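This report concerns only the one structure given below.
Given below as structure tokens:
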């Protein structure tokens with residue numbers, strides 16, 4: 001894993017579009033609008049919050065990872081966070097190229113994120129996903145996260161319910 005660079009934008013956008021098509025084939029409305037898009041990715045990279053997973057020097061996965069407070073997680077319903085610090089790691093826009101589904105690369109990317117941020121003394125990780133995104137839920141819980149409640153995101157088009165997960169390592 002390494003920090004994404006602006007030169008990675010095109011391949012990241014292609015991988016996100018693959019993820020969008022995968023979600024649509026699953027009957028999910030997640031990512032079916034214009035979000036995330038090239039501007040979102042470019043902004044992640046400019047803020048040094050975009051990370052790519054490499055396999056044989058090729059980008060095969062992407063995640064936006066932020067350290068600190070994320071407004072999405074300020075209000076949680078039907079549960080609570082284990083603690084409420086403003087110093088946690090939020091993981092968004094997590095995607096692996098369709099070409100590599102089933103090869104445990106999602107687990108590899110998550111492990112790399114944990115390792116990188118634990119070295120920075122961050123031990124509280126949060127992530128959310130669509131209530132019907134069973135494949136992503138399997139990735140999340142398979143990496144030790146626990147369902148903590150519900151949050152809402154606003155993707156610019158609508159306010160959407162998401163299941164919120166946390167792991168403190």
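In full-length UniProt numbering, the protein residues as written are 1 to 169. Quick reminder that beta carbons are idealized off the backbone N, C-alpha and C, glycines included. Please read all numbers here as calculations on a predicted model, not as lab measurements.
Within the same chain, show all residues whose beta-carbon is closer than 7 Å to that of residue i, passing over the 5 residues directly before and after it, in chain order.
i	result
residue 95	15, 16, 19, 61 and 62
residue 116	1
residue 38	9 and 13
Can you tell me the Cβ-Cβ gap for residue i and residue j, rounded? I've got them flagged as a contact below 8 Å.
i	j	result
residue 113	residue 51	7 Å
residue 1	residue 55	Residue 1 to residue 55, Cβ: 11 Å. No contact.
residue 151	residue 107	Going by Cβ atoms, the distance from residue 151 to residue 107 rounds to 24 Å, so no, they are not a contact pair.
Taking only the alpha-carbon atoms, compute the straight-line gap between residue i and residue j and give it to the nearest angstrom.
i	j	result
residue 90	residue 128	9 Å
residue 68	residue 86	5 Å
residue 163	residue 149	6 Å
residue 146	residue 165	5 Å
residue 141	residue 78	18 Å
residue 121	residue 111	15 Å
residue 4	residue 101	21 Å
residue 11	residue 137	25 Å
residue 22	residue 98	8 Å
Excluding five sequence neighbours on each side, which residues of the same chain lie with their C-beta closer than 8 Å to the C-beta of residue i?
i	result
residue 83	124 and 168
residue 42	6 and 9
residue 44	4, 50, 64 and 93
residue 75	151 and 152
What residues in its chain sit with their C-beta under 6 Å from that of residue i, if we drop five residues either side in the sequence?
i	result
residue 70	90
Give, in chain order, every unbroken run of the alpha helix (DSSP H) that is at least 4 residues long and sits entirely within the segment 92 to 164.
-> 105 to 118 and 134 to 142, all fully within the segment 92 to 164.
Note down, one range per segment and in chain order, each beta strand (DSSP E) of at least 3 residues found wholly within the segment 10 to 89.
-> Entirely contained in the segment 10 to 89, the beta strand (DSSP E) runs reaching 3 residues are, in chain order, 50 to 55 and 58 to 67.
For the segment 20 to 29 against the segment 131 to 142, are there 3 or more C-beta pairs whose distance is under 8 Å?
-> Touching, yes, given that three or more Cβ pairs across the two stretches are closer than 8 Å.
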